[in-house]
Every structure is written in structure tokens, then in C-alpha cells.
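There are 2 protein chains.
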Amino acid sequence: MRIPLDRHSGVPVYQQVARWLRQDIESGALPARTRLPATRALAEQLGISRITVVNAYAELEDRGLVVASEGSGTYVSERAVRPDHAGRAVEPSWPVWQRELGAGRPTTGPDPLLPGTLAFTGAGDPRLYPVAALSRTIREVLRSDGPAALEYGRLATGHEPLRETIVEVLASQGLRTSAAQVLVTTGSQQALALACQVLLRPGDAVVVEEPTYNLALDLFRARGQRVVTVPVDAAGMRVELLEPVLQTHHPKLVYTIPNFQNPSGASMSGPRRARLLALADRYNVPIVEDDYVGDLRYEGRSPPAVKALDSAGQVIYLGTFSKLLMPGLRVGYLVADGPVYDRLAEHKRVQDLSTAPLMQRVLDRYVTVGRYQAHLRRTVRHYRRRRDVLMAALADQLPEVSAPTPKGGLFAWVTLPDGLSSQVLRAHAREEAVDFAPGGWFFPEPAAGDRFLRLNFCTLTPDEIVEGVRRLRVALDRCSGG
Amino acid sequence: MRIPLDRHSGVPVYQQVARWLRQDIESGALPARTRLPATRALAEQLGISRITVVNAYAELEDRGLVVASEGSGTYVSERAVRPDHAGRAVEPSWPVWQRELGAGRPTTGPDPLLPGTLAFTGAGDPRLYPVAALSRTIREVLRSDGPAALEYGRLATGHEPLRETIVEVLASQGLRTSAAQVLVTTGSQQALALACQVLLRPGDAVVVEEPTYNLALDLFRARGQRVVTVPVDAAGMRVELLEPVLQTHHPKLVYTIPNFQNPSGASMSGPRRARLLALADRYNVPIVEDDYVGDLRYEGRSPPAVKALDSAGQVIYLGTFSKLLMPGLRVGYLVADGPVYDRLAEHKRVQDLSTAPLMQRVLDRYVTVGRYQAHLRRTVRHYRRRRDVLMAALADQLPEVSAPTPKGGLFAWVTLPDGLSSQVLRAHAREEAVDFAPGGWFFPEPAAGDRFLRLNFCTLTPDEIVEGVRRLRVALDRCSGG
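Right, here's the structure in full:
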């Protein structure tokens with residue numbers, strides 16, 4: 074039995090083995106009453122430990138696909154293969170309420186990569202995370218705060234000193250608020266999810282930029298929202314196209330990423346920000362402003378946040394420490410004024426009581442405005458260099474693509490020449506051990522994005538970037554039949 | 074100006090000051106154009122730092138209630154007091170969409186307590202948390218896993234080794250499952266919230282036990298579910314009353330806490346568990362089984378989990394490390410089979426991407442079945458003693474109340490004599506520096522629970538319990554006019 078395995082994928086090996094066997098069983102390739110190989114023999118054959126095979130068989134047994142017979146081995150069960158009229162295998166009969174749910178996205182984790190793959194994906198370079206400083210800070214917090222750091226947070230809205238710190242960091246970026254308007258969340262993704270819970274019912278329309286952040290699209294999709302789009306150009310959302318959308322679709326939310334938009338890298342101009350706010354006011358629709366990486370700027374200055382222009386309580390502002398410091402803290406926040414703040418806070422409380430109190434205390438102790446600014450400067454220096462290396466390598470190696478130089482953020486947004494598909498390119502690229510995010514991820518209709526791809530230039534070192542672009546060149550040549 | 078302040082409350086002092094002044098301004102006690110006391114003078118008067126007063130004034134200014142005039146002080150603004158026709162102050166004019174949200178629960182945090190209050194509340198005794206061991210484990214994980222522990226988790230479903238560990242812990246409690254059916258969540262509260270998101274639309278009915286866990290009620294309320302109840306007796310949910318409820322209300326979810334129910338302490342009998350499952354099957358309704366503290370048992374043996382009887386995929390099982398180890402980790406999990414698992418995992422992913430990866434790795438390294446069992450034995454020894462001390466003190470000091478002895482868990486459920494209100498008792502109790510959870514919290518209609526109160530006997534030491542009950546005696550006498 075030959076089973077292709079990938080130790081570097083996120084999928085545990087036993088699951089890879091189980092999935093392979095399951096497909097064979099359900100397709101009938103392994104008919105009922107077939108004896109599976111002995112665990113020891115299969116383990117040797119695949120070069121894996123016997124316990125891995127045992128676990129794979131146990132999973133098949135849990136699913137009712139095989140039967141372990143004491144002493145005599147493991148057999149494909151009678152129940153496993155029940156072809157329907159079309160000859161397909163039938164799932165065990167789940168309760169009606171389960172069958173009515175429809176299929177979810179399978180929980181497979183990221184696709185497996187070849188060893189040594191250079192991935193222009195991710196959120197930043199883990200090699201720049203302040204791991205040692207963080208470790209020290211955790212020790213300090215546990216020593217000084219003791220068990221208090223491990224109790225439930227007293228306030229679902231967040232550890233009070235951290236909220237004050239966030240106010241200071243935002244003030245240093247030109248956004249004035251108060252701790253009473255800050256809600257600490259489990260990453261900014263939760264902040265967006267809370268806004269949806271408070272503002273949207275299933276079927277309500279949401280305006281997004283096109284392209285936009287894929288996990289926002291996934292969230293809206295999972296909740297059953299109608300998604301309507303306004304295109305992005307070099308100056309961000311084309312706000313002049315928003316008004317007819319508001320008139321036609323009566324959306325209950327406008328979701329925007331004004332700074333270094335994910336994935337396009339474009340920043341919204343100051344006049345458009347003001348116009349967006351005026352339209353939201355006229356059409357009575359809340360704005361969620363996702364400032365996921367607003368201060369990671371390599372040149373020029375940002376216009377004020379839309380929230381900074383908002384005196385009426387029209388904007389819910391989302392921020393995070395994930396991109397600049399490290400994603401694994403899972404600490405983000407939102408800023409909101411008016412009655413919606415209390416509603417957001419109540420939904421936060423009933424969602425998960427509070428964001429991990431230890432991580433909040435650690436972040437509060439670690440982040441001072443001075444230290445934050447110093448870390449920002451260092452990160453900007455590294456990432457600006459990487460951006461420049463990428464743009465030069467693209468110009469040199471891939472002259473047929475177009476890619477505007479982003480003024481900040483993490484991403485370059487690349488347009489392929491006519492007739493080329495980023496999905497097809499990606500298949501070749503992964504065989505050349507280089508990966509990226511295909512444009513389709515960022516469009517409600519993935520086909521509309523197939524000419525684009527997003528390159529994260531912050532995760533790889535300059536040398537890796539050069540080598541990655543070289544591999545992209547090879548993949549592109551293979552696409553074109555070169 | 075005299076403002077009552079409580080430094081030990083969860084509410085920051087500057088907010089207490091701001092709230093007090095705000096009430097005075099909105100009620101008209103401080104009319105427009107009144108000059109507030111100078112910050113330095115008020116700080117001296119209240120015995121607090123000047124910056125606290127400055128922050129309080131800044132918050133009032135952010136709300137448009139006062140105006141700071143450079144050099145000449147802070148004044149109540151014209152805009153602040155705009156009585157409506159009934160003479161009540163009117164809020165600043167928020168956008169229409171905000172006004173239509175209705176009032177949220179105000180985000181005030183827990184009520185302030187007198188210094189030295191003995192609180193029969195909380196989740197367990199922080200003094201028993203393994204803080205030192207945890208601190209050591211964090212250090213080990215950061216040293217061995219490095220930045221990987223601070224990236225996004227590769228799998229939204231959870232760190233794979235931790236899921237395997239959870240499978241082993243559950244197996245040791247008689248529940249067989251596989252890692253592929255385990256979803257790690259930010260506490261079991263998030264697991265319940267995910268089940269709601271997947272299974273319920275606004276207005277759908279949910280069956281709960283009466284009384285039941287207050288934060289489940291809060292969640293259902295925030296989501297706009299209809300809540301219908303089935304009463305609890307000494308053998309748990311009175312399942313014989315469930316069938317007519319299912320026929321009448323067509324609920325989309327049955328929420329049950331079979332072991333040491335919160336708040337009643339009752340455990341569901343084995344036959345009732347089987348009957349519950351059969352009814353759920355007949356009426357096609359999913360069960361959420363919240364086993365928040367299932368293995369914290371002081372005597373006897375638990376019947377198998379409802380999930381352990383479930384071969385059809387009818388039950389979503391919730392567990393947590395919050396109660397036994399420490400709540401601040403914010404790591405819980407659910408177990409589900411069938412298509413609903415993928416849906417739950419997808420909602421988890423779009424809610425917060427993943428539960429803090431560092432905390433997952435730390436928990437995985439800390440928890441082995443052996444260490445978990447040892448910690449469990451130690452905790453059971455402590456908590457059993459405390460339960461016995463509480464029951465003896467109640468029998469001795471408060472002979473007029475009735476309180477069955479719980480066989481496990483954290484809570485004793487006390488019934489007051491006729492005519493006494495736990496709300497009224499609590500007001501007196503808090504003046505005697507003792508606190509508890511009034512029964513009304515655990516009923517959809519709080520008035521129905523006013524004869525009851527819940528005492529957590531795990532948070533306080535035996536001596537504190539004895540003294541706490543003595544104070545309850547005094548409060549009870551004051552209630553009865555004694």
C-alpha cells in the first residue's frame with residue numbers, strides 16, 4: 074500500500090493515512106471485509122511509527138468504516154460501503170437537523186507545502202517577534218500579579234490599564250478616544266465578528282471593497298450576509314460609486330480597510346474618507362474601519378483615520394497588535410461611541426467572557442508608547458527594505474506583471490498579463506516550492522480575481538525574496554508553456 | 074463635593090468619579106455653566122491623585138457633558154442638559170441606527186464590594202492555581218517552540234497535540250472520541266456561542282433547565298432567542314416534562330448541565346440521560362451538554378455523559394480547563410460528530426482565527442493524564458473539605474434554610490424560608506461584607522428565583538467559610554427585622 078504523506082503539512086500524519094484509507098473504502102477500492110495491513114507492516118512500509126497507524130485505524134473505526142477484531146486484524150466493515158443509486162458511497166445517517174445544515178468547509182487546515190517552500194504569505198516575520206522580551210515579561214507579570222493574572226478578567230471590556238495604553242498608542246497615531254470607548258477583543262477578527270452580531274441579521278447586505286480581506290468575506294459568508302462590492306483603485310475604495318450601492322441595496326454595514334488595504338495595498342485618500350463618512354451619515358449606515366496595520370508606513374503620511382473625523386458615532390474602529398508585535402497573542406480591540414458600545418461589550422461578554430487576562434497584562438506591561446514606537450521603527454526599517462527588494466526583483470525578473478509599489482503594510486498586489494490564471498500559476502509555483510495567495514480569495518466571486526495575486530513581502534528575508542521571485546519566474550514560464 | 078469611592082471594585086476610580094458627576098449633570102443637580110471644582114482641590118478632597126480627576130473630567134468632556142476652558146476651569150456644557158418634555162435629560166443625538174439598537178446592558182463591571190468582603194462567588198480558589206508550575210511551563214514552551222508559539226495557530230480547530238491530550242483526558246472519564254472531533258475554543262462559553270451561531274436564528278426557541286447557568290441565559294438573551302424551561306429536581310432536569318415542551322415550542326436546541334448543575338448542584342440520573350437522548354432523537358433537536366466541572370466529584374460515581382450514549386451525532390459536548398486548572402487560560406473545547414463539526418469549526422475560524430496558540434501549547438505541555446488526575450485528587454480533597462465545612466455551618470448557623478449536600482462541583486443551592494428575598498438578603502449581606510449569587514440570576518424571570526441563593530464553597534478557605542456564614546446569619550437577622 075502506497076500512501077503519499079507530507080510531514081510538513083498542518084495535517085497530522087495519522088489523519089493523512091486515515092483520509093487516504095477512507096477514500097479507498099468509500100469509493101469501494103477497498104471492499105467490505107477486506108483485511109487492512111497489519112499496523113506494524115504498514116508502519117514499516119510508510120516509514121512512520123506504529124502508533125500513527127494505530128491512531129489512523131482507530132479513527133476509521135470511530136467512523137464505523139472498519140472493525141477491529143481482537144487478534145485477527147482490522148477489516149473494512151459491512152456498513153462502510155453503502156452505495157446510493159448513483160453508485161456513490163453514503164454517509165452514516167446523521168440526524169435530520171445535521172443533514173439540513175448543509176456541508177461546511179472541511180476542516181483540513183492549510184494545504185501541504187513542499188519542504189523548503191518560500192511562502193509569500195503569513196502576517197509578518199516570526200524571526201522579528203520579540204520572543205525573549207515577551208518571555209521575560211510573562212515571568213514578571215506572573216511574579217507581580219500572581220493568580221490574579223489567571224482568573225477571569227474582572228471586566229469583559231478588557232484589562233483597564235491595557236485599555237489606557239491603547240488610548241495612548243492611538244493618540245500617538247492621531248486618534249483621540251478614552252478607555253471607556255475601547256473594547257479589548259480576541260484579535261481584530263473577533264471585533265469584526267462582534268460588530269456583525271450586533272448590527273446584522275442573516276440576509277442583511279454588507280458593502281465591502283473589491284478586493285477585500287478574505288477572512289472578512291469568510292465571516293460574512295458563514296453568517297449568511299449578502300455581500301455587495303465597491304471597487305478599489307490606487308486611492309482606495311471608489312467612494313463615488315458607493316452612493317448608488319447604498320440606494321439599491323440598503324446595506325446594514327460598510328466594511329473598509331483605508332490604510333494599505335488588504336490585499337491591494339492601496340490607501341484611501343483624505344477627501345474620500347470625508348465623503349465616505351458623509352454618505353454613511355446620509356444613508357444611516359455604520360462603518361467598520363479595519364486599521365489592521367495602519368502605522369506600518371514606509372513613506373509619506375496617512376490621512377486621519379475615518380474614526381478621527383467621526384463626531385457622530387458612525388464608525389466602529391478595529392485595531393490589533395497581531396501584525397506588528399505577534400499574532401499569537403490574539404489581542405485586538407475596537408473603539409466605538411454611543412449605545413453600540415454597550416451592545417458590543419455585552420456580546421463580547423457572552424461570547425467568551427474575556428480575552429485571555431494573562432496576555433492582556435503581558436501586552437500592557439510590554440507596550441509603552443516609547444517601546445511601541447521603537448519596535449515600529451525597527452520593523453519599518455526591515456519591512457521597507459524587503460518591499461524594495463521585492464519590487465526590484467519583480468521589475469527585473471517578471472517584467473510582464475504589473476505591481477504598484479505599496480507605501481506601507483505587508484502586501485504587494487500583482488496583476489498577471491492577460492490570459493494567465495493565478496490558480497494555474499499557483500499549482501506550478503507550489504511544485505517549484507514557492508507559494509502566494511491567489512487573487513480569487515479576495516473576491517466574493519473568486520473567478521473575478523484570477524488575474525491577481527498577493528505577495529506578502531514581510532515574512533521572508535531579502536535573500537529569500539530574491540530566490541522566491543526566481544522560482545515564480547520558473548513557474549510563470551511553465552504556465553506559458555515556456 | 075462628596076463622592077463615595079470604592080478602590081476594590083472592578084470599576085476604575087476615575088470612572089466612578091465621572092459616573093457620579095455625570096448623573097449630577099444629567100439630573101440637573103449640576104446645571105449648565107456650573108464650574109466644576111478645580112482638579113487639584115477635588116483630588117485632595119477625595120484623597121485620590123489629581124490625574125484621576127483629570128481623567129474623569131476628560132471622559133465627561135468626551136461625552137460632551139463639560140467644556141474645558143483653557144486657564145479658567147471646566148464647566149458643565151450647554152448641550153449636556155437638554156430635558157425632554159418629561160424633564161429627563163436627553164442623550165446626544167446618535168445616528169438613527171444606533172438609537173434603534175435599544176439600550177445594552179451597561180458595561181459597569183461587577184458591583185463594588187466592601188473591603189474584606191468574603192464572596193461565595195467565583196470559579197474556584199485562585200490560591201490553588203498552579204501558578205509557579207504554569208510560569209515554568211510557559212518558559213519551557215517559549216524556549217522549545219520559539220516564535221511558532223506566537224504565530225497564528227495553523228489550525229483553527231486547535232493545536233493538534235492538545236486535542237490528542239483532551240481525547241485522553243475524556244477517555245479517562247469514560248467518553249471515547251477522536252482528535253478529529255475535538256474543537257478547541259476560547260473557554261467553553263465560546264463553544265456554547267458557536268453552537269448558537271450554527272444552530273439558531275434570532276427568535277428560535279431554546280430549552281434550558283430552570284434554574285440554569287446565568288451566562289448561558291445572557292447569551293440567549295443577547296442573541297434574541299426564546300427561552301423555554303424545564304424544571305430541575307434532585308435528579309437533574311425533569312425529563313418527563315420535556316416532551317410537551319418539545320411538542321409545543323419546537324425548540325432548535327436543548328441546553329443541559331447534567332453533572333453538578335450550575336446553580337442547583339443536582340446531577341441527572343442515568344435513566345433520565347438515556348430518555349433525554351431518545352427524546353432529542355424523536356423530536357430532531359440537538360443537545361448541548363455542558364460538562365463544566367464533571368469530574369470534580371466528592372463521592373459516588375457519575376453516570377456516563379449523555380455524549381457517551383450518543384451514537385447518532387445528536388450531542389455537542391462542552392468541556393473546559395477553567396474550573397479545575399484556572400479560568401484565565403481561556404481554553405475550553407467541544408466534541409461534536411457529523412456535519413455540524415465542520416460548521417462549528419468554520420464559525421470558530423471566522424470568529425477569532427484560533428484560540429491563543431501559546432496558551433494551547435502551555436496547557437498541552439502542562440496537562441498529562443497523570444498530572445491532571447493528581448491535580449484533580451488534590452483539588453477534590455480541598456473542595457470536599459470546604460463543602461463539608463459549609464454544610465455544617467449552614468446546619469448550625471442557618472437552620473431555617475434548606476440546602477441539599479452537593480456530591481460534587483462548586484455550588485450549594487440554598488432555599489430561603491417563605492417570605493424572604495435573596496435580593497433583600499444580599500443588600501444586607503453586602504453591608505456585612507459577605508456576598509453570594511442571588512437566585513434570580515439563574516431564572517429567565519428573575520422574580521421566580523428570589524427564594525434561592527447560590528453559594529460557591531470552593532473559593533474561600535474553611536475559616537473564611539465559617540466566618541462568611543456567621544455574617545450571613547447577621548444579614549438574615551437584619552432581613553427578618555431581628
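Just so you know, the protein sequences line up as chains A and B, in that order.
210 is the number that the working numbering gives to position 137 of the first sequence; each next residue is one higher, with no gaps.
275 is the number that the working numbering gives to position 202 of the second sequence; each next residue is one higher, with no gaps.
The beta carbon of each residue, even a glycine, is placed where N, CA and C say it ideally should be.
On a predicted model such as this, the values are computed, not experimentally measured, just so you know.
Buried/exposed call for residue i, threshold 16 Cβ in 10 Å
| i | result |
| --- | --- |
| Val169/B | exposed |
| Gly137/A | exposed |
| Asp184/A | exposed |
| Glu282/A | buried |
| Thr441/A | exposed |
| Gln72/B | Look at the range of chain B in this structure, 74 to 555, and you will see that residue 72/B is not part of it. |
| Ala520/A | exposed |
| Gly231/A | buried |
| Ile538/A | buried |
Bridge partner(s) assigned by DSSP for residue i
| i | result |
| --- | --- |
| Leu35/A | Missing from the structure shown is residue 35/A; chain A here goes from 74 to 555 and no further. |
| Val388/A | Ile360/A |
| Arg108/A | Tyr148/A |
| Ala300/A | Checking the sequence shown, residue 300/A turns out to be Val, not Ala. Val300/A is bridged to Val279/A. |
| Tyr406/A | Val257/A, Gly392/A |
| Arg370/B | Gly481/B |
| Pro284/A | Beta-bridge pairing links Pro284/A to no other residue. |
| Leu119/A | Leu119/A pairs with nothing; no bridge assigned. |
| Thr329/B | Glu362/B |
| Asp306/A | Gly309/A |
| Leu191/A | Val507/A |
| Ser569/B | Given a span of 74 to 555 for chain B in the structure shown, any question on residue 569/B remains unanswerable. |
C-beta atoms of residue i and residue j nearer than 8 Å
| i | j | result |
| --- | --- | --- |
| Ile360/A | Val404/A | no |
| His501/A | Ala447/A | no |
| Leu174/B | Arg311/A | no |
| Val149/A | Ile98/A | yes |
| Val301/B | Pro331/B | no |
| Val423/A | Gln171/B | no |
| Thr534/A | Lys421/A | no |
| Gly309/A | Ser342/A | yes |
| Leu436/A | Val204/B | no |
| Ala466/A | Ala476/A | no |
| Asp461/A | Ala192/A | no |
| Gln254/B | Ala409/B | yes |
| Gly276/B | Gly297/B | yes |
| Val487/B | Val474/B | yes |
Pairwise C-alpha distance: residue j and residue i
| i | j | result |
| --- | --- | --- |
| Leu256/A | Tyr390/B | 30 Å |
| Met399/A | Val318/A | 37 Å |
| Val279/B | Leu228/B | 31 Å |
| Gln320/B | Asp306/A | 56 Å |
| Pro110/A | Met464/A | 53 Å |
| Tyr286/B | Ala196/A | 38 Å |
| Leu315/A | Asp536/A | 42 Å |
| Pro324/A | Trp514/B | 37 Å |
| Asp363/A | Gln263/A | 12 Å |
| Cys531/A | Leu235/A | 27 Å |
| Val327/B | Leu103/B | 51 Å |
| Ala347/A | Ala114/B | 42 Å |
| Leu349/A | Gln334/A | 16 Å |
| Arg438/A | Arg106/B | 40 Å |
| Gln118/B | Asn529/B | 39 Å |
| Gly373/B | Tyr445/A | 55 Å |
| Ala353/A | Gly101/A | 57 Å |
Chain C within 8 Å of residue i, Cβ atoms only
| i | result |
| --- | --- |
| Ile211/B | Among the protein chains in the structure shown, which are A and B, there is no chain C. |
Inter-stretch contact at 8 Å, needing at least 3 Cβ pairs: the region 475–488 of chain B / the region 328–340 of chain B: yes
The region 84–93 of chain A touching the region 114–132 of chain A, judged by at least three CB pairs closer than 8 Å: yes
Meets three-Cβ-pair contact criterion under 8 Å: the region 519–537 of chain A and the region 486–499 of chain A: yes
Validate contact between the region 262–269 of chain B and the region 407–427 of chain B using beta carbons, cut 8 Å, 3 pairs: yes
Given 8 Å, three or more beta-carbon pairs between the region 430–437 of chain B and the region 217–232 of chain B: yes
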